[in-house]
Amino acid sequence: MTAFVIQTNNLTKTYKKQAAVKNLNLEIQKGDIYGFLGPNGAGKTTTIRMLLGLIQPTRGSIKLFGKELQKHKMDILSRTGSLVEYPSYYGHLTAVENLEAIRRITGGPASRIAEVLEIVQLIKDAKRAVKGYSLGMKQRLGIAAALLNNPELLILDEPTNGLDPSGIQEIRELIKNMPRQFGITVLVSSHLLSEVEQMAEKVGIIREGEMVFQGRMEELVSKASSGFRLSVSDPEEAMGRVLDMGLDGRIRGQLLELGPLTDAQIAELVRHLVEQRHDIYRVEEKRKSLEDIFMQMVGEGSAS
Ligand SMILES: Nc1ncnc2c1ncn2[C@@H]1O[C@H](COP(=O)(O)OP(=O)(O)OP(=O)(O)O)[C@@H](O)[C@H]1O
Ligand SMILES: [Mg+2]
247 MTAFVIQTNN
257 LTKTYKKQAA
267 VKNLNLEIQK
277 GDIYGFLGPN
287 GAGKTTTIRM
297 LLGLIQPTRG
307 SIKLFGKELQ
317 KHKMDILSRT
327 GSLVEYPSYY
337 GHLTAVENLE
347 AIRRITGGPA
357 SRIAEVLEIV
367 QLIKDAKRAV
377 KGYSLGMKQR
387 LGIAAALLNN
397 PELLILDEPT
407 NGLDPSGIQE
417 IRELIKNMPR
427 QFGITVLVSS
437 HLLSEVEQMA
447 EKVGIIREGE
457 MVFQGRMEEL
467 VSKASSGFRL
477 SVSDPEEAMG
487 RVLDMGLDGR
497 IRGQLLELGP
507 LTDAQIAELV
517 RHLVEQRHDI
527 YRVEEKRKSL
537 EDIFMQMVGE
547 GSAS
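Per my numbering, the sequence shown starts with residue 247, numbered consecutively.
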């Protein structure tokens with residue numbers, strides 16, 4: 247039997263007849279980093295608020311750690327850490343003082359404050375007033391706060407929103423370590439596939455409140471690929487080789503345009519061309535945007 251840390255059954259939230267979340271069946275296993283993706287207004291925050299017991303579902307059920315959220319709310323929430331939208335702090339207080347204020351409410355040992363500041367790499371700035379922090383530092387402090395109660399599950403709503411690439415990278419590295427280092431399962435939402443692609447093995451995509459894809463990241467990425475472009479020294483000759491190998495393609499200027507290929511096919515083609523003394527300048531994957539993938543999935547009617 248699979249141990250789901252989060253499992254929802256036909257989870258639905260309706261606002262004035264308008265469904266913000268429709269029949270959502272989330273399945274997140276222990277140790278997963280689950281990327282919860284969808285464009286603005288898709289229903290990510292609404293779902294997360296329901297998972298955290300902040301709002302009531304209109305319909306459907308939520309199980310966390312195999313228990314009904316409704317019946318075991320206190321127990322479940324004491325095992326969960328979260329960061330929803332922008333966290334607010336006392337600006338004139340330091341990181342340590344802010345965390346101390348939270349710890350007084352949630353409990354736990356005082357020694358945990360230094361531990362969580364270490365995890366999010368804020369030790370050096372721990373005694374500075376938070377109002378002087380960058381957005382990235384504030385988000386990391388939010389994650390530190392979410393880790394205070396030693397959670398088994400971390401739910402992060404767009405933790406990288408508004409950060410620059412290096413800020414995004416820092417948060418990503420932090421999240422990546424959670425299952426490995428601390429055994430924490432993570433649900434992280436984002437409206438950008440590229441942002442979660444490098445950390446999540448599992449992904450759920452919602453669009454207008456409905457799940458259009460749930461599965462392994464590899465599976466999604468292969469759907470995102472619409473083909474490859476090869477820049478080679480002799481396109482005409484190389485095209486002959488491509489066709490010899492039974493692959494489809496065409497020449498466009500100095501480039502070969504090929505259809506979707508597996509890693510093994512690309513490797514074989516490159517090896518073959520190099521053996522034939524072709525110079526390969528570039529191998530580019532043509533990728534669709536997240537929205538294109540949504541369209542493709544909805545168009546194919548594979549929404550589940
Ligand atoms: N309290 C509310 N009352 C009415 N409608 C709401 C309420 N909260 C959310 N909605 C609607 O539900 C839909 C989903 O919103 P939600 O905030 O969950 O989306 P999101 O995926 O988090 O978007 P974003 O990427 O912009 O944060 C939107 O159409 C929104 O307008
Ligand atoms: Mg949101």
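All C-beta atoms in this analysis are idealised placements derived from N, C-alpha and C, irrespective of residue type, glycine included.
Rounded separation between residue i and residue j - CA only
i, j, result
"residue 418", "residue 288", "22 angstroms"
"residue 332", "residue 442", "19 angstroms"
"residue 476", "residue 507", "12 angstroms"
"residue 548", "residue 460", "Because the pLDDT at residue 548 is just 41, under 50, the model does not fix this residue reliably, and the point stays unresolved."
"residue 372", "residue 456", "41 angstroms"
"residue 261", "residue 496", "51 angstroms"
"residue 435", "residue 290", "7 angstroms"
"residue 411", "residue 280", "21 angstroms"
"residue 405", "residue 294", "13 angstroms"
"residue 519", "residue 535", "30 angstroms"
"residue 480", "residue 462", "38 angstroms"
"residue 309", "residue 257", "11 angstroms"
"residue 398", "residue 420", "15 angstroms"
"residue 470", "residue 357", "46 angstroms"
"residue 550", "residue 359", "Per-residue confidence for residue 550 stands at a pLDDT of 40, beneath the threshold of 50, marking its modelled position as unreliable; no derived number is given."
"residue 433", "residue 306", "20 angstroms"
"residue 539", "residue 283", "12 angstroms"
"residue 487", "residue 453", "42 angstroms"
"residue 266", "residue 304", "10 angstroms"
"residue 391", "residue 448", "25 angstroms"
"residue 275", "residue 429", "12 angstroms"
"residue 326", "residue 315", "12 angstroms"
"residue 313", "residue 321", "10 angstroms"
"residue 285", "residue 458", "12 angstroms"
"residue 523", "residue 478", "11 angstroms"
"residue 489", "residue 510", "17 angstroms"
"residue 525", "residue 466", "31 angstroms"
"residue 383", "residue 494", "49 angstroms"
"residue 334", "residue 385", "10 angstroms"
Heavy atom of ligand 2 within 7 angstroms of residue i beta-carbon
i, result
"residue 259", "no"
"residue 290", "yes"
Presumed contact (8 angstroms Cβ cut-off) between residue i and residue j, rounded CB distance
i, j, result
"residue 296", "residue 259", "6 angstroms"
"residue 376", "residue 340", "7 angstroms"
"residue 272", "residue 292", "Between residue 292 and residue 272 the Cβ distance is about 13 angstroms, and since that is not below 8 angstroms, they are no contact."
"residue 473", "residue 503", "6 angstroms"
"residue 329", "residue 388", "4 angstroms"
Residue range of the alpha helix (DSSP H) that includes residue i
i, result
"residue 358", "357-365"
"residue 428", "411-428"
"residue 316", "From DSSP, residue 316 is part of no alpha helix (DSSP H); its letter is neither H nor E."
"residue 264", "From DSSP, residue 264 is part of no alpha helix (DSSP H) but of the beta strand (DSSP E) over 264-270."
"residue 291", "290-297"
"residue 431", "Looking at the DSSP string, residue 431 is not in any alpha helix (DSSP H); the run it does join, the beta strand (DSSP E), is 431-436."
"residue 441", "439-443"
"residue 300", "Element bounds for residue 300: n/a, residue is neither H nor E."
Check: residue i C-beta below 7 angstroms from any heavy atom of ligand 1
i, result
"residue 313", "no"
"residue 404", "yes"
"residue 266", "yes"
"residue 284", "yes"
"residue 437", "yes"
"residue 287", "yes"
Option in the options with minimal Cα separation from residue i
i, options, result
"residue 270", "450, 410, 505, 489", "450"
"residue 251", "485, 528, 425, 353", "425"
"residue 517", "321, 317, 484, 496", "484"
"residue 482", "298, 437, 500", "500"
"residue 409", "438, 393, 531, 327", "438"
"residue 378", "342, 337, 386", "337"
"residue 395", "413, 350, 249, 368", "350"
"residue 413", "346, 366, 286, 317", "366"
"residue 416", "403, 498, 368", "368"
"residue 468", "364, 531, 278", "531"
"residue 445", "465, 466, 427, 423", "423"
"residue 427", "268, 384, 298, 278", "278"
"residue 529", "364, 512, 521", "512"
"residue 352", "302, 393, 300, 380", "393"
"residue 323", "298, 533, 440, 302", "298"
Continuous beta strand (DSSP E) stretch holding residue i: start and end
i, result
"residue 458", "456-462"
"residue 253", "250-261"
"residue 532", "526-533"
"residue 475", "471-478"
"residue 309", "305-310"
"residue 502", "501-504"
"residue 331", "That residue, residue 331, is in no beta strand (DSSP E); it is neither H nor E in DSSP."
"residue 512", "Here residue 512 belongs to no beta strand (DSSP E); instead the alpha helix (DSSP H) covers 509-521."
"residue 495", "495-498"
is_contact[residue i, chain C] using C-beta, thresh 8 angstroms
i, result
"residue 274", "This model lacks chain C altogether; it includes just one protein chain."
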